[in-house]
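Participant: Protein chains in written order, with the numbering used here: chain A, 948 to 1276; chain B, 948 to 1276.
Note that the Cβ used here is the ideal one computed from N, Cα and C, for glycine as well.
Submitted below is the structure of interest, expressed as structure tokens.
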């Protein structure tokens, strides 16, 4: 069973861990079953950033750490049992920026990654090498080996300026209204090796509850990916990252506002509409209006426990099987 | 009072701290005195190494940390209250080398240095920037802004090979006999800005008890430095790093052996002979034979306490004043 997911950071990572674990325990799709799940995750790299000369890939790392058992479960990003000695020392030198939470354990990942990139390895090869330690149980692909960095336009008049997405997200907590969000470099980015094939050959395609503007959006915007989704034989099932008028996690509302859009499950479904076949929303959003081509289901969306997360992931997977049984078998 | 010293790591750093502290408390050479000491230290960079893409300058850092109050006093290198989280994580990735003790606090220095070097700043400017935090109370100059790396030839026959000095020193503990020690790049290295002037304009020149082969040797071998020492009006006073037939600290014996030389204060004096005016040896080495142009003094050489270290540094300084009172006043 070939499953491909497009994902961002925290929400995507938790959903995918639930999916992996639920299918691993399934008599059909488990490792000993007749149709073992092969999960490929195409991860957003548009919020990557170079800090202190080190290449940081927040979404790739969140997925890798979460599925590899190295995540800080409370924060949802970075390493568990983390210390921040290097960060304190960098601050003592007055080195900027000081607003990014660069932990000591996490730093080793960035050092290994940066060295490999400097040696000429593409990010996809670096990711594979890092995963040889973490064994996430899924195949992790960056959306592209080419550099894409999201810039956010904030302020107005003379004070209008563009900052790196991470500065807006982490330092400003997305509290300063954004008038534009642009993944710089996306037009020239090529899908990483295996990305288009993973979409074209998938039997199930899932969109976890990731940020539609700064996570799933850039992945879809990599030239070739949207067309691959439109042409893919597999059903595409998404999970709303919005309950009512608020994001389940993070600050997707601030991102949608930058596009002039309100925050609702309906709005996100419309962003995905051309390639979306199934849409899971919260029970309170059961009345969400979607295009007739999209099958709506209401399910508990809160990934408040391992069980709830597995149930949600399974609901998305089952909806896909239901929508296109001929592809999935 | 303009004092210039050439130095390596641990021994040089401790000696210089003693010198700085003793002169700071002196009514003549203290900060409020009529002739305040201005100490310039030209530091060996021939044992620098790039590890994990980060530029490490062990001797510069030992001097900077020691004089800046950040050194690990027991080890004599690296930061006090150090942790090794990043190193453990790098090892978990299987990243090599694992034999170098890269501490978390120390790492921040290398990250700041590497970023500045990548931005185009020469090592001398980087060193000045790092010292703005540490305030060592002396002017630290790398011997050169150009890259020099010492390679050590070990093994014999088919197994003969060159390794980086740090690999021989740290991983092999200099236990494997060396047949050659070569500071690669030294012929093309230019003295860093200020190095030649510091020697030419000095009133006192000191050679702390640093390794003559891999610390003081490379500094002197930077084109222009030897001639500056030969032509300098200031007296040159050195402190033997050897007591009897053993190094006071470190493994200078293994380095001298690589040159086919025995280990003694006499041998080291001969290496410095063309420019050496005064030579401090241990009391047991009072019978050391030196050239008639060199004034020999026997003093306790062990820097076993702050007081002993200050006394040794002061003895070297006083010998210089005695040898060339016309230059020193």
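In chain A, what lies closer than 8 Å to residue 999(B) by C-beta?
Facilitator: Going along chain A in sequence order, the residues near residue 999(B) (Cβ under 8 Å) are 1058, 1059 and 1062.
Participant: Closest by CA to residue 1221(B), which one among 1176(B), 1137(B) and 950(B)?
Facilitator: Checking every option, the nearest Cα to that of residue 1221(B) belongs to 1176(B).
Participant: Would you identify the three-state DSSP class for residue 1271(B), choosing helix, strand or coil?
Facilitator: Here residue 1271(B) sits in coil by DSSP.
Participant: Please list, in chain order, the chain A residues whose beta carbon lies closer than 9 Å to that of residue 1091(B).
Facilitator: Ordered by position in chain A, no residue passes the 9 Å Cβ test against residue 1091(B), which lies about 23 Å from the chain.
Participant: Within a Cβ cutoff of 7 Å, which residues of the same chain sit near residue 1260(A), ignoring the five residues on either side of it in sequence?
Facilitator: Contacts found: 962, 965, 966 and 969.
Participant: Given residue 1037(B), which residues of its chain have a CB within under 7 Å of its CB, disregarding the five upstream and five downstream residues?
Facilitator: Same-chain partners within the cutoff: 999.
Participant: According to DSSP, is residue 1183(B) helix, strand or coil?
Facilitator: If DSSP states are grouped into helix, strand and coil, residue 1183(B) belongs with the strands.
Participant: Going by alpha carbons, who is nearest to residue 989(B) out of 1113(B), 1050(B), 1019(B) and 1155(B)?
Facilitator: Per the Cα distances, 1155(B).
Participant: Rounded to whole angstroms, what is the Cα-Cα separation between residue 1100(A) and residue 1106(A)?
Facilitator: Taking the straight line from one Cα to the other gives about 10 Å.
Participant: In chain order, what residues of the same chain have a beta carbon less than 7 Å from the beta carbon of residue 949(B), not counting five sequence neighbours either side?
Facilitator: Counting only Cβ-Cβ distances below 7 Å, and skipping sequence neighbours, we find 985, 1148, 1149 and 1150.
Participant: So which residues on chain A does residue 1007(B) lean against when the C-beta distance must stay under 8 Å?
Facilitator: The premise fails here: residue 1007(B) is roughly 15 Å from chain A at the closest Cβ pair, so nothing lies under 8 Å.
Participant: Using a beta-carbon distance cut-off of less than 7 Å, what residues from the segment 1028-1055 of chain A approach chain B?
Facilitator: So the list reads 1030, 1032, 1033, 1036, 1037, 1039, 1040, 1042, 1051, 1052, 1054 and 1055, given in the order they occur along the chain.
Participant: Where does the unbroken alpha helix (DSSP H) through residue 1060(A) begin, and where does it stop?
Facilitator: First-last of the alpha helix (DSSP H) with residue 1060(A): 1051-1065.
Participant: So residue 1011(B) and residue 1089(B) are in contact, right, with Cβ under 8 Å, and what is the actual spacing, rounded?
Facilitator: No, residue 1011(B) and residue 1089(B) are not in contact; Cβ-Cβ is about 11 Å, not under 8 Å.
Participant: Mind checking whether residue 1070(B) and residue 1057(B) have CB atoms under 9 Å apart?
Facilitator: Result no, Cβ atoms of residue 1070(B) and residue 1057(B) do not sit closer than 9 Å.
Participant: I'd like to check one pair, residue 1229(A) with residue 1212(A): are the Cβ atoms closer than 9 Å?
Facilitator: Yes, the Cβ-Cβ distance between residue 1212(A) and residue 1229(A) is below 9 Å.
Participant: Within its chain, find whatever has a CB closer than 7 Å to the CB of residue 1113(A); leave out the 5 residues flanking it on each side and keep chain order.
Facilitator: For residue 1113(A), where only same-chain residues beyond five positions count, the Cβ hits under 7 Å are 994, 996 and 1047.
Participant: Whole-angstrom Cβ separation of residue 1125(B) and residue 1116(B), contact assumed at under 8 Å?
Facilitator: No, residue 1125(B) and residue 1116(B) are not in contact; Cβ-Cβ is about 10 Å, not under 8 Å.
Participant: If the cut is a Cβ gap below 9 Å, which residues of chain B does residue 1080(A) touch?
Facilitator: Within 9 Å Cβ-Cβ: 1039, 1040 and 1041.
Participant: Exposed or buried, residue 1103(B), counting other C-beta atoms within 10 Å across all chains shown (16 or more means buried)?
Facilitator: It is exposed - the Cβ of residue 1103(B) has fewer than 16 other Cβ atoms within 10 Å.
Participant: Whose C-alpha, out of 1094(A), 1054(A) and 1076(A), is nearest the C-alpha of residue 1033(B)?
Facilitator: Ranking 1094(A), 1054(A) and 1076(A) by Cα distance to residue 1033(B) puts 1054(A) first.
Participant: Using the three-state DSSP reduction, which class does residue 1144(B) fall into: helix, strand or coil?
Facilitator: Helix, per DSSP.
Participant: Please report how far the alpha carbon of residue 1138(B) lies from the alpha carbon of residue 1003(A), in whole angstroms.
Facilitator: Distance between the alpha carbons of residue 1138(B) and residue 1003(A): 37 Å.
Participant: Measuring alpha carbon to alpha carbon, tell me which of 1027(B), 1052(B), 1074(B) and 1206(B) ends up nearest residue 1039(A).
Facilitator: Checking every option, the nearest Cα to that of residue 1039(A) belongs to 1052(B).
Participant: Considering Cα atoms alone, identify which of 1160(A), 1225(A), 1014(A) and 1009(A) is closest to residue 1025(A).
Facilitator: Checked all of 1160(A), 1225(A), 1014(A) and 1009(A); the closest Cα to residue 1025(A) is 1009(A).
Participant: Have a look at residue 979(B) and residue 971(B) and give me their C-alpha separation to the nearest angstrom.
Facilitator: Those two C-alpha atoms are separated by around 9 Å.
Participant: Are any of the Cβ atoms in chain A nearer than 9 Å to that of residue 1087(B)?
Facilitator: No, its Cβ sits nowhere closer than 9 Å to a Cβ of chain A.
Participant: Just confirm the distance between the C-beta atoms of residue 1202(A) and residue 1128(A), as a whole number of angstroms; I'd bet it's less than 8 Å.
Facilitator: That belief holds up - the Cβ atoms of residue 1202(A) and residue 1128(A) are roughly 6 Å apart, short of 8 Å.
Participant: Comparing alpha-carbon positions, which option in 1079(A), 1108(A), 1086(A) and 1073(A) lies nearest residue 1093(A)?
Facilitator: The option with the nearest alpha carbon to residue 1093(A) is 1073(A).
Participant: Mind listing, in chain order, the continuous beta strand (DSSP E) runs of no fewer than 3 residues lying wholly within the segment 1063-1136 of chain A?
Facilitator: Entirely contained in the segment 1063-1136 of chain A, the beta strand (DSSP E) runs reaching 3 residues are, in chain order, 1086-1089, 1096-1101, 1108-1111 and 1125-1131.
Participant: Who pairs with residue 1138(A) in a beta bridge, going by DSSP?
Facilitator: Answer by DSSP bridge pairing, in chain order: 1091(A).
Participant: So which of 1184(A), 1253(A), 987(A) and 957(A) has the shortest CA-CA distance to residue 1142(A)?
Facilitator: The shortest Cα separation from residue 1142(A) among 1184(A), 1253(A), 987(A) and 957(A) belongs to 987(A).
Participant: Take residue 1198(B) and list the residues in its own chain whose beta-carbon comes closer than 6 Å to its own, dropping the five residues that flank it on each side.
Facilitator: Hits under 6 Å: 1121.
Participant: Mark residue 1249(A) as exposed unless 16 or more other C-beta atoms lie within 10 angstroms of its C-beta, in which case mark it buried.
Facilitator: Exposed, because fewer than 16 other Cβ atoms sit within 10 Å of the Cβ of residue 1249(A).
Participant: Between 1191(B), 1181(B), 1207(B) and 1219(B), which lies nearest to residue 1165(B) when the distance is taken from Cα to Cα?
Facilitator: Closest option to residue 1165(B), Cα to Cα, is 1219(B).
Participant: Given a threshold of 16 other Cβ atoms within 10 Å of its Cβ, counted over all protein chains shown, does residue 974(A) qualify as buried or as exposed?
Facilitator: Exposed, by the Cβ-count rule.
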